[in-house]
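Residue 1074 in the working numbering is what sits at position 335 of the sequence shown, and the numbering runs on without skipping anything.
Ideal Cβ positions, reconstructed from N, Cα and C, are used throughout, including at glycine.
Some notes on the structure that comes next.
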Amino acid sequence: MDAGAKDGDDRTDEDVRQGGGLTTGEVARRLGVAPTTIRTWDRRYGLGPDAHTGGRHRRWTATDVARLERMCALTATGLAPAEAARLARADAPSDQAPPPPRPAPAQASAGRARSRAGSGLRLGDVRQECKGIARAALRLDAAALDGLIAAAIAEHGLVTAWAEVIVPTLQAVGRKWESSGEKYVEVEHFLSWHVSGALRLAAPPVAAARPGATTVLACVPGEGHTLPLEALAAALAERGIAVRMFGGALPVEALIAAVRRTGPVAVGLWAQSRTTASRPLAQHVAAMEWGVLGARRKPTVLTLGPGWAGQTVAGLPRPPGLAEAVATVQSIVGR
């Protein structure tokens, strides 16, 4: 860690006033954003320091930092940066007129406009929260991302937040990655990791296993996309249903062993791709039996995910989304 980071982060507003202000790097660490983000806000929206010291180094006063904090808070809600900057400048103290945006040469301005358009995400007609989450993901702003995802789950409930906030944002990031030569792969990984953490935090402790009432969830062999299954595990735990989650690419032998050891009432098999969905595997698990002779039981196998399209297994439910999967498992457990 940079030793200067601690010194800068520990300085109080009074220290800033007495000591001539913070450097751009210190401000960035305090706000949890990249220094380039602060410089961009300065250049595009006039959110730079009110006063300049000699030389090329800029010093940010407590008033300057407060304006940037307001900018961060507004953009985190999904507000467009230009509008957020206008409001942040309007909140400046009345005795200090906010500086106007600095003009730039026409050629450089055009280049920045193209860059800005190229880095945006096509979200379409979505909830406002999607825009805030997308911007936090693009900034790699961990604190803001965690807060926004948690707030969406708390406000809308886990199932609705997944379907109407998280999934549209994940899809937009995925499209951006695919269309830009994997340029934004770090954003997708970053967002997925934080969504996974939020799902676990939102779910209550896993219910104790009960005979004939446990649900096993696993990705089929070769399948590593676990997030949708994590959302289902969290939603079932939220409803007090005992879940045993085995994550991605569970080998066939391990899946069979898990089913035999837990005796589940339901087994959810996730396949993102048609190349990983296996009809024989689903049929084999659905035919497994356990229990005393004369009262043997079989699990109900749910074929989950787009990979099962065109691979429908007769007699096995294929719920199309999270809400339907939750309802199906609840119905099975309640029998």
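Neighbour-count burial assignment, residue i, 16 or more Cβ in a 10 Å radius
i            : result
residue 931  : buried
residue 1082 : Here the chain comprises residues numbered 740 to 1074, so residue 1082 is not present and cannot be evaluated.
residue 775  : exposed
residue 909  : buried
residue 1073 : exposed
residue 1000 : exposed
residue 829  : exposed
residue 894  : exposed
residue 994  : buried
residue 1064 : buried
residue 1082 : This structure cannot speak to residue 1082, because the chain is shown only from 740 to 1074.
residue 868  : buried
residue 925  : exposed
residue 967  : buried
residue 821  : exposed
residue 819  : exposed
residue 1053 : exposed
residue 996  : exposed
residue 944  : exposed
residue 940  : exposed
As assigned by DSSP and simplified to three states, the class of residue i
i            : result
residue 926  : helix
residue 761  : strand
residue 1073 : coil
residue 877  : helix
residue 809  : helix
residue 1008 : strand
residue 1015 : coil
residue 957  : strand
residue 776  : helix
residue 1051 : coil
residue 1003 : coil
residue 1067 : helix
residue 983  : strand
residue 945  : coil
residue 1043 : strand
residue 1059 : coil
residue 798  : coil
residue 1036 : strand
Cutoff 8 Å; reference residue i; Cβ partners in own chain excluding five residues on either side
i            : result
residue 1048 : 1013
residue 980  : 946, 952, 954, 1068, 1069 and 1072
residue 1066 : 1058
residue 879  : 773, 925, 926 and 929
residue 1061 : 898, 901, 902, 967, 970, 971 and 974
Cβ pair residue i, residue j closer than 9 Å
i            : j           : result
residue 955  : residue 991 : no
residue 897  : residue 938 : yes
residue 806  : residue 786 : yes
residue 873  : residue 959 : no
residue 706  : residue 903 : Nothing about residue 706 can be reported from this structure: the residues present for the chain run from 740 to 1074 only.
residue 771  : residue 881 : yes
residue 823  : residue 810 : yes
residue 1106 : residue 933 : A query on residue 1106 cannot be resolved here, the shown segment of the chain reaching from 740 to 1074 and no further.
residue 871  : residue 814 : yes
residue 866  : residue 891 : yes
Cut-off 6 Å between Cβ atoms - residues of its own chain near residue i, not counting five sequence neighbours on either side
i            : result
residue 984  : 956 and 972
residue 1037 : 1028
residue 1050 : 1016 and 1018
residue 781  : 787
residue 1002 : 1029
7 Å Cβ shell around residue i - same chain, five flanking residues per side excluded
i            : result
residue 1040 : 1006, 1008, 1021, 1024, 1025 and 1055
residue 1045 : 1011
residue 963  : 987 and 988
residue 969  : 935 and 938
residue 1075 : Because the chain in this structure spans residues 740 to 1074, residue 1075 falls outside the shown range and cannot be described.
residue 827  : 786, 806, 809, 810 and 813
residue 887  : 815, 868, 871, 872 and 875
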